[in-house]
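A quick write-up on the structure given underneath.
Residue numbers (the working numbering): 1 to 147.
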């Protein structure tokens, strides 16, 4: 039986899709896929190199999607894949100089925009946003997996 979607839930879903669209259009503006945007974002955001498995886990993308994005970035010479010390099978994803320049031109301005938008919120609003979003994600995960 089809359950009616409440106005509040519909509004929440619309806002989620609207925020997703902001990132999608930003990626499109620079001629990259959403997965590539988030992959480069991860590499920029952290000082440590990731493996493909770690990126899949962090961003909830299928392995094949990340693999395709990595191949494209490697072809553009934005990253190199280096063997993990002690484990030749796994490879670390490392930004090249060209990749670092790309991050400066594309990813850094996005992060700055996010930071500026987030700073506009009051501390209580930031805390509430994070807390309630995490609670909803946890509840949704439980409910989706209980069927």
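Beta carbons: idealized from backbone N, C-alpha and C, even for Gly.
Just to confirm before moving on: does the CB-CB distance between residue i and residue j stay below 8 Å?
i, j, result
"residue 224", "residue 110", "Because the chain in this structure spans residues 1 to 147, residue 224 falls outside the shown range and cannot be described."
"residue 81", "residue 93", "yes"
"residue 148", "residue 91", "The displayed coordinates of the chain run from 1 to 147. Any statement about residue 148 would go beyond what the structure contains."
"residue 30", "residue 137", "no"
"residue 44", "residue 84", "no"
Output the distance between the C-alpha atoms of residue i and residue j, rounded to the nearest integer angstrom.
i, j, result
"residue 96", "residue 60", "25 Å"
"residue 24", "residue 39", "13 Å"
"residue 28", "residue 73", "15 Å"
"residue 5", "residue 13", "10 Å"
"residue 100", "residue 37", "14 Å"
"residue 21", "residue 86", "41 Å"
Taking the alpha carbon of residue i as the reference point, which residue from the options has its own alpha carbon closest?
i, options, result
"residue 19", "65, 55 and 114", "114"
"residue 41", "83, 108, 135 and 134", "108"
"residue 152", "85, 63, 132 and 98", "This structure cannot settle anything about residue 152, because the visible part of the chain is limited to 1 through 147."
"residue 34", "49, 62 and 134", "62"
Would you list the one or two residues that DSSP bridges to residue i?
i, result
"residue 91", "83"
"residue 50", "93"
Indicate whether the contact test is met: 3 or more Cβ pairs, each with one atom in the segment 65-74 and one in the segment 118-135, closer than 8 Å.
The segment 65-74, when compared against the segment 118-135, does not touch it at the 8 Å Cβ threshold.
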